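The listed protein sequences derive, respectively, from chains A and B.
Counting from 0, one number per residue, gives the positions in the first sequence under numbering that gives the first Met the number 0.
Counting from 0, one number per residue, gives the positions in the second sequence under numbering that gives the first Met the number 0.
All C-beta atoms, glycine included, are put in the ideal place defined by N, C-alpha and C.
Just so we're clear, the structure is a prediction, and the values are computed from it rather than from any experiment.
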Amino acid sequence: MLDLRHYNCLGEALRAALDRWPDEVCLIEADRDRENARITYRQFEQAALPLARALQNAGFQSGSRAAIIMTNQSKWLISAYAIFYAGGVLVPLDYKLPAGEQLQLLAHSKAEVLIVEYHLWRAIMQTDNFKVLAARLVLVTEAPPGADLAGAKRWENFHDSRPPIFVPCKRRDPACIVYSSGTGGRPKGCVLTHENYLEQCRALTALYPFSPGVRYLSILPTNHAIDFMVGFIGPFTCGATVVHLRTLRPEYIREAFTRYRITYMTVVPMLLKVLERGLRQRFDELPRGRRRVLRALIGINRAFTRRRPKLKLSRKLLGQVHKGFGGELRALFVGGAFTEPSTLQFFYDLGIPVGNGYGCTEAGTVITLNDFRPFRADTVGKPLPGIEVNILDPDAEGVGEVAVRGNTVMSHYLDDPEMTAETIVDGWLRTGDLGRIDKSGHLQLLGRKKNMIVTEEGKNVYPEDIEAAFEGITAKEFCVFAANYLWPERTMVGEQLVLVVHPEPAPPASAPNAEEAAPDAFAASESPESPEPDAPAAPAIASEVAAEIEARNRRLINYKRISGYLVWDRDFPRTASMKIKRLDLAEQIRKDRGRHHVVYL
Amino acid sequence: MNTLEQTTEEILNLAATHFKVPREQLSPSDDFFKKLGINSLQALDLLTRIEQHFRIELPDYELQGVTDFRTLAERIQSRL
């Protein structure tokens with residue numbers, strides 16, 4: 000692998016990698032059971048340099064910003080390298096975002112160039128605010144012949160065979176602007192420097208070495224901080240191979256493991272669970288005798304790998320299981336959300352270590368990672384080399400807010416000094432997550448300080464962001480909270496969102512109807528679990544309003560939906576400018592209402 | 000060629016069989032995530048079934064932003 004201490008920027012490091020392993024395969028692009036492309040580092044360079052030159056011809060220069068909106072494929076990485084080669088700043092945008100939001104982020108990032116897949120470009124062209132697009136050059140990949148591109152150019156035709164000029168950057172120069180989920184329409188563009196990436200990559204590859212012959216299966220979106228690092232920068236600076244699979248369907252993922260004899264893959268907890276369920280089902284279907292043998296072998300493997308993984312031994316003991324994963328899998332990584340310890344343990348007992356970690360975009364991907372010495376399913380591992388973790392204002396049990404310092408922490412939020420100052424205080428990045436560090440230096444996560452949830456798919460959802468969906472419901476006022484923010488629980492799984500509704504004052508005559516119409520709400524208020532039996536009964540809302548809430552909820556994408564609503568009969572505390580004082584409201588709710596008052600949809 | 004109604008009906012039948020739900024409980028306007036109690040990966044499973052049935056290939060992104068059977072049927076119909 001390259002010694003990244005000797006490089007100043009990603010362009011320089013990637014350029015050295017292409018030079019060092021010209022004949023190694025760097026990318027395989029597969030779609031279901033077909034292989035679309037297989038390219039070497041030399042071919043990668045041959046595809047990227049003409050694009051870099053054409054970009055330079057079009058006025059792209061040091062510090063110019065270019066956004067990419069694409070699914071995982073070779074053109075994503077080729078374009079990214081061309082941007083870095085020309086000294087540009089990459090803005091990787093989430094291809095799963097609605098086109099309207101992509102346009103907002105494009106405007107916020109001030110990207111001059113946009114590189115986008117045709118089907119995504121088509122969606123952008125159809126948005127109402129398409130005209131706000133400020134990028135002066137749009138390159139569209141895979142557009143069908145004769146397609147109307149609204150002035151955009153075809154990526155495939157945009158090249159110049161003359162050599163481009165390599166533009167070096169300094170370590171502290173911005174490399175990428177990565178958007179983490181915003182709140183209330185306030186985009187959070189994390190400005191990550193070349194140093195952030197180079198140091199993060201150095202720390203990660205020291206723990207999990209990549210080398211020529213290693214094959215990484217990339218299924219998390221490349222725009223996501225994890226895949227960008229582990230599915231691009233990491234393998235490329237070590238001469239390894241990245242396998243792109245253009246579908247997330249579990250059956251094809253399973254096939255890809257065996258076809259490409261995958262070494263590493265990163266998954267979100269939801270996919271890990273799907274794999275677990277599939278395996279458990281297969282085990283249950285075994286004849287009783289074989290099932291017993293399997294159980295015994297798992298027990299032996301567990302005993303021998305207690306202190307550290309022993310891949311060779313595990314592959315011998317549990318050959319059939321490992322064969323299903325291609326036979327060369329060294330580890331899975333899981334990220335994006337909290338993973339249940341039982342799932343991690345299940346895989347570890349089979350001899351498939353799952354590198355469970357913790358991180359955030361602001362900290363340049365990974366903060367802590369399990370090093371398997373020994374494996375600890377109950378923690379998210381130890382801080383990576385060069386990263387300091389501190390627990391702010393710990394309580395009697397040592398639990399407090401997790402803060403991070405080190406050379407992988409972002410420079411700032413783009414054009415938002417106020418939010419930067421709130422997030423990075425005295426050099427420490429405040430994560431908003433609660434945790435404690437145990438005696439062996441492992442971090443345990445125990446909830447959140449901030450009002451948000453993270454789904455099993457690894458999606459961050461901020462309540463403020465989904466309030467717009469309920470705008471106009473028949474209520475005096477409303478507000479969305481993370482249930483764990485209202486009623487803290489030391490868990491990060493099964494997180495839910497709750498809509499707090501302050502109903503319109505009902506005319507006296509309609510009150511009995513309301514009771515009839517929303518029996519659940521009344522049942523909840525009379526729950527025997529109520530901590531305050533003398534407290535006034537929770538008010539209800541009319542069935543039409545409940546139906547309205549349900550209908551609005553359905554319009555939201557599944558992971559953004561509320562789980563239920565809570566009726567609140569007092570005015571929300573507000574600032575002079577009439578903004579809801581969320582903290583105060585949450586405190587009042589916490590005092591007067593419990594989780595059992597929530598009416599679940 | 001199928002009409003949109005026929006395509007919708009066939010998708011509802013496939014969903015009912017695949018997720019073992021009585022067919023009469025499903026209607027075109029249903030939110031399939033909620034009605035079937037499935038996550039996005041399970042929804043992709045349904046997409047595979049639909050592909051096999053209609054003998055077409057559907058990229059994963061055809062499911063992006065789709066939550067109800069009718070819209071899904073419209074997307075499929077445009078590819079038949």
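By the criterion of a C-beta distance shorter than 7 Å, P211(A) is surrounded in its chain by W20, E23, G238 and A239, once the five residues flanking it on both sides are discounted. In the DSSP assignment, E73(B) falls within the alpha helix (DSSP H) that extends over F68 to Q76. F32(B) belongs to the set of residues whose beta carbon lies under 9 Å from a beta carbon in chain A.
In this structure, A205(A) keeps its C-beta atom at 9 Å or more from the C-beta atom of T364(A). Unbroken alpha helix (DSSP H) stretches of 4 residues or longer found wholly inside the segment 408 to 478 of chain A: 416 to 422 and 462 to 465, given in chain order. When secondary structure is reduced to three states using DSSP, D30(A) falls in the strand class. Spanning the alpha carbons of P144(A) and N56(A) requires a straight line of approximately 25 Å. Counting only unbroken stretches of 4 or more residues, the alpha helix (DSSP H) elements lying wholly within the segment 12 to 50 of chain B are 31 to 35, in sequence order. A47(A) and I77(A) do touch by the CB rule: their CB atoms are close to 5 Å apart, below 8 Å.
Per DSSP, Y117(A) is one residue of the alpha helix (DSSP H) stretching across Y117 to M124. One alpha carbon belongs to C25(A), the other to R37(A), and they sit about 8 Å apart. DSSP places H107(A) in the uninterrupted alpha helix (DSSP H) bounded by A98 to S108. Excluding its 5 nearest sequence neighbours in each direction, G426(A) has C-beta neighbours in its own chain below 6 Å: R404, listed in chain order. The Cβ-Cβ distance between G326(A) and G354(A) does not fall below 9 Å. With 16 or more neighbouring CB atoms inside 10 Å of its own CB, D226(A) falls in the buried class. In this structure H193(A) is buried. Its beta-carbon is surrounded by 16 or more other beta-carbon atoms within 10 angstroms. A541(A) is positioned such that its CB atom lies no closer than 9 Å to that of P504(A). In the structure shown, P234(A) adopts helical secondary structure according to DSSP, grouped into three states. For R248(A), the chain B residues whose C-beta falls within less than 9 Å of its own C-beta are L40, L43, D44, L46, T47 and D59, listed in chain order. For T66(B), the chain A residues whose C-beta falls within less than 9 Å of its own C-beta are R553, R554, L555, I556 and N557, listed in chain order. In the three-state scheme derived from DSSP, where H, G and I count as helix and E and B as strand, E400(A) is classed as strand.
Around L136(A), the same chain offers A57 and V112 as residues with beta carbons nearer than 6 Å, after the five sequence neighbours per side are excluded. If you check each beta-carbon in the segment 96 to 118 of chain A against every beta-carbon of chain B, the ones closer than 8 Å belong to P97 and H118. Counting along the chain, T265(A) sits inside no alpha helix (DSSP H); it lies in the beta strand (DSSP E) bounded by residues Y263 to V266. Excluding residues up to 5 positions away in sequence, K580, D583 and L584 lie with their Cβ nearer than 6 Å to the Cβ of P572(A) in the same chain.
If you draw a straight line from the Cα of F209(A) to the Cα of E488(A), it comes to about 39 Å. According to the DSSP assignment, N300(A) belongs to the alpha helix (DSSP H) that extends over R287 to F303.
Looking only at R375(A), Y207(A), T221(A) and S63(A), the smallest Cα-Cα distance to N71(A) is reached by T221(A). For a cut-off of 8 Å, the C-beta gap from K449(A) to G431(A) is around 3 Å, short enough to register as a contact.
Within the segment 253 to 279 of chain A, M269, L270 and V273 place their CB atoms closer than 8 Å to a CB of chain B, listed in sequence order. The Cβ atoms of C189(A) and M409(A) lie closer than 9 Å to each other. Membership of I588(A) in the alpha helix (DSSP H) is indicated by the continuous run R581 to D591. For Y94(A), the nearest CB of chain B lies under 9 Å from its own CB, placing it at the interface with that chain. Between L191(A) and C175(A), the CB-CB gap stays under 9 Å. Within chain B, P58, D59 and Y60 have C-beta atoms less than 9 Å from the C-beta of T70(A), given in sequence order. For T342(A), the enclosing alpha helix (DSSP H) begins and ends at P340 to D348.
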